[in-house]
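>
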Amino acid sequence: MSIQQPVLELKNVDIGYNDALVNNVIARVLPGEIIAVLGPSGIGKTTLIRTIAGLVEPLQGEVTLQTNKKGGLGYIPQRLGLVRHASVRHNVNLGAKASIGFSKTMFEERRNRVEEAVKALGIEDKLKEPVRRLSGGQLRRVATARALAQRPQLLLADEFLSELDHQNVEVVIEAVQQLLKDGTSIIMVEHHIENVQLFATRIWIIKDNQLHDYSLKEWEQSLEEEE
Amino acid sequence: MRGGWIIAVLSLLLLAWFVLNDLVDDWGRLEGGMDNLVIFVEESMWPPNWSVLEAQSYPVCENDIELFCSVGYLGMMETIKIAFVSTMLGFIGALCLSSLAARNLVPLYVALPFRFILAATRSLPSLIWAILFVIVIGFGPLAGVLAMTFYTIGYLGKLQYETYEGMPSDCLEVSRAMGLSHPSTVVSVVIPETGNHLLSQLMFMFEYNVRHGTVIGIVGAGGIGYYITTYLKFLQYDKVLALLIIIFLVVVVIDLLSLMIRSFVTDEGDVRRPTWLKGMIKLWKKRGSSSDAE
Chain A
25 MSIQQPVLEL KNVDIGYNDA LVNNVIARVL PGEIIAVLGP SGIGKTTLIR TIAGLVEPLQ
85 GEVTLQTNKK GGLGYIPQRL GLVRHASVRH NVNLGAKASI GFSKTMFEER RNRVEEAVKA
145 LGIEDKLKEP VRRLSGGQLR RVATARALAQ RPQLLLADEF LSELDHQNVE VVIEAVQQLL
205 KDGTSIIMVE HHIENVQLFA TRIWIIKDNQ LHDYSLKEWE QSLEEEE
Chain B
2 MRGGWIIAVL SLLLLAWFVL NDLVDDWGRL EGGMDNLVIF VEESMWPPNW SVLEAQSYPV
62 CENDIELFCS VGYLGMMETI KIAFVSTMLG FIGALCLSSL AARNLVPLYV ALPFRFILAA
122 TRSLPSLIWA ILFVIVIGFG PLAGVLAMTF YTIGYLGKLQ YETYEGMPSD CLEVSRAMGL
182 SHPSTVVSVV IPETGNHLLS QLMFMFEYNV RHGTVIGIVG AGGIGYYITT YLKFLQYDKV
242 LALLIIIFLV VVVIDLLSLM IRSFVTDEGD VRRPTWLKGM IKLWKKRGSS SDAE
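In order, the protein sequence lines correspond to chains A and B.
Counting in my numbering, the first sequence runs from 25 upward without gaps.
Counting in my numbering, the second sequence runs from 2 upward without gaps.
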């Protein structure tokens, strides 16, 4: 049996801006895992995601990304990071651009990826629409489509299911299944327990400046015990 | 708090007054100044001499429409051409340099040298650039184009990198995390996101260059300024006034054009599509559909 290489490894990492919010994080993420990061507001969930994305330097320790292809890391921040004055097509195409290099067939390949992604998210009729005209739920679909077109090995998503009604959550989760089939791992910050149960395979809880790593089963058991 | 502001503004005004008083050694000069101006305008400038819109005696006009051979038309067209080409070249040059000078796009050690380059190009006024290029390549519109291009790069470059630095950080962070290259980020994220501001700055610069075309013409760098200098030398102020009115009208038209162009870029920003333009578009669509039906 071959041992799976982790896509992400955190070794004794201290996370924060000036003072550490989370100390001595030791964790690894294997291909295909879906990790939900839980904890109260201001505890350091977003900072953890930003540190993994390379946007914040860790105060101490080592963050090793083993994404070995172009555009291997996908990111959906809380504010979604969409180009508001550009069209839906332009925004989704950014994801494809990040992962497809210059080649003879790149334009066709990008177009195919964009079309597949918007179809999966049900926004194919909005392709030419400027992003600024879309509703909150539609914006989240566009950000997800961008990640889908990118096909990253590790996707970092900060509350990308929030503000979505139940029906939209199902559409987004169904679309993301395609990424999971390709072996993408996901680390997502999430507040809604029902979304976590629907989707996650492992749980990271930040509590008392420490990151606690649970399997979904262990976490559900702890919830039952608390009740 | 409001009282504090009022005191601060009043103190600044008082300081300005003291500085002005220090600069002016003889206030008596203001006496009768207005009368001098009225006499000068009435006797030398008014009414404007519209012969500047008649064909010149030499070279012989071969065009059916006399206006196209006039000093006013030829000079203005040359100024507009110089302004257009130099604005375009300057805009492209500024785009390349400003993206390397914005602190949120590149590290400080890259941004600083490019900021110095832009500051250096901007610190020489276009008139000095024009003198330099007239010395290097001689009189004519090419010297004007080069002078204005250099000034435009410095001026627009600063406006552009300040616009980039004020844009929302989330889309830049996404492109950085996704691994998009610097040119890709600039072309696909920064320019589309700040497009309305860039367009507005471009139109402002074009208008500025048209107005400044008159100044650089004075040193022989082509355009309507050349004719203004000639008329000034021969004390034909009525003709100068006519040319200044033409420049004013062109500036107003550019302003309207800017309003129209920017209205196509955004539908929720600072510019709404003018009512007359909406009416024209409606009419044009109506005509299109009726001709299709026929």
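Glycine is no exception: its CB is placed at the ideal position from the N, C-alpha and C atoms.
Run through chain A and tell me which residues come within less than 9 Å of R177/B, C-beta to C-beta.
Residues of chain A passing the Cβ test: A77, G78, L79, Y99.
> Helix, strand or coil: how does DSSP classify M261/B here?
Here M261/B sits in helix by DSSP.
> Which residues share a DSSP beta bridge with V87/A?
V87/A pairs with L34/A.
> In its own chain, which residues sit with a C-beta less than 7 Å from the C-beta of M25/A, not counting the 5 before and 5 after it?
Low confidence applies here, because M25/A scores a pLDDT of 46, under 50, leaving its location unreliable; read the following figure in that light. Result list for M25/A: empty, nothing under 7 Å.
> At which residues does the alpha helix (DSSP H) containing Q174/A begin and terminate?
Counting along the chain, the alpha helix (DSSP H) containing Q174/A begins and ends at 160–174.
> Return the residue from the list L260/B, S87/B, D239/B, I81/B that minimises the CA-CA distance to T153/B.
Taking only the C-alpha atoms, the option nearest T153/B is S87/B.
> Return the residues of the segment 145–177 of chain A that lie within a Cβ-Cβ distance of less than 7 Å from chain B, sorted by chain order.
Those residues of the segment 145–177 of chain A that come within reach of chain B (Cβ to Cβ, closer than 7 Å) are R156, Q174.
> Within the continuous alpha helix (DSSP H) that includes S239/A, where are the two ends?
Counting along the chain, S239/A falls outside any alpha helix (DSSP H), though it belongs to the beta strand (DSSP E) covering 234–239.
> Between the alpha carbons of G125/A and K94/A, how many angstroms are there, rounded?
Going by the C-alpha atoms only, they are around 8 Å apart.
> Which of helix, strand or coil does DSSP assign to V107/B?
V107/B: coil per DSSP, three-state reduction.
> Out of curiosity, what's the CA-to-CA distance linking E214/A and L118/A?
If I take the Cα positions, the gap works out to 25 Å.
> Is any heavy atom in the ligand COA found nearer than 6 Å to the beta carbon of I138/B?
The ligand COA is absent from the structure shown, which contains no ligand whatsoever.
> Of all Cβ atoms in chain A, is any one closer than 7 Å to the Cβ of I189/B?
The question names Ile, yet the displayed sequence has Ser at residue 189/B. Output row for S189/B: interface = yes.
> At the 7 Å Cβ level, is V107/A part of the contact set with chain B, yes or no?
Yes - at least one Cβ of chain B is within 7 Å of the one on V107/A.
> Can you tell me whether K94/A is helix, strand or coil according to DSSP?
Looking at K94/A - three-state DSSP - the assignment turns out to be coil, as it is neither helix nor strand.
> Run the CB neighbour count on F92/B, radius 10 Å, all protein chains shown included, and call it buried at 16 or more, exposed below.
Buried.
> For G167/B, decide whether its Cβ has a neighbour in chain A, counting only Cβ atoms nearer than 7 Å.
By this cut-off, G167/B is not an interface position.
> Where I227/A and Q162/A are concerned, what is the direct C-alpha to C-alpha distance, given to the nearest angstrom?
In a straight line, the C-alpha of I227/A is about 27 Å away from that of Q162/A.
> Write down the C-beta distance between I248/B and I225/B rounded to the nearest angstrom, noting that I regard them as a contact closer than 8 Å.
So it is a contact: roughly 7 Å between Cβ atoms.
> Which of the three DSSP states, helix, strand or coil, is assigned to V142/A?
Three-state result, V142/A: helix.
> Along chain A, which residues have their Cβ under 9 Å away from the Cβ of N105/B?
Here the premise fails: no neighbours, minimum Cβ distance about 12 Å.
> Does the segment 140–157 of chain B come into contact with the segment 204–215 of chain B, if we say contact requires no fewer than three beta-carbon pairs (one atom in each stretch) closer than 8 Å?
They touch, by the three-pair rule.
> Under 8 Å: do the segment 57–76 of chain A and the segment 152–170 of chain A share three or more Cβ pairs, one atom per stretch?
Segments in contact, no.
> Which residue marks the beginning of the alpha helix (DSSP H) containing S58/B, and which one marks its end?
First-last for S58/B: undefined, no H or E at that position.
> For P154/A, which residues does DSSP report across the bridge?
According to DSSP, P154/A bridges with S111/A.
> Is the CB of L32/A under 7 Å away from at least one CB in chain B?
No, L32/A lies away from the interface with chain B (no Cβ there is under 7 Å from its Cβ).
> Please report the residue range of the alpha helix (DSSP H) in which R3/B lies.
Residues 3–24.
> Using only the alpha-carbon positions, how far apart do Q174/A and I262/B sit?
Taking the straight line joining both Cα atoms gives about 34 Å.
> Between the C-alpha atoms of E57/A and V187/B, what's the straight-line distance to the nearest angstrom?
Cα-Cα distance, rounded: 34 Å.
> Measure the C-alpha to C-alpha separation of E242/A and E250/A and round it to an integer number of angstroms.
Their Cα atoms are separated by approximately 12 Å.
> Specify the secondary structure class of L179/A as computed by DSSP and reduced to three states.
Correct three-state label for L179/A: strand.
> Taking G95/A as the query, report the chain B residues whose CB atoms sit under 7 Å from its CB, ordered along the chain.
What G95/A touches in chain B: M179, G180.
> In chain order, what residues of the same chain lie with their CB nearer than 6 Å to the CB of A44/A, ignoring the 5 residues before and after it?
For A44/A, where only same-chain residues beyond five positions count, the Cβ hits under 6 Å are D38, L83.
> Mind pulling the chain A residues with CB within less than 7 Å of C172/B?
Neighbours of C172/B on chain A, chain order: G105, L106, V107.
> Distance, Cα to Cα, G146/A vs V195/A?
Roughly 8 Å separates the two Cα atoms.
> Roughly how many whole angstroms lie between the Cα atoms of T150/B and K35/A?
Near 53 Å, if we compare the C-alpha coordinates of K35/A and T150/B.
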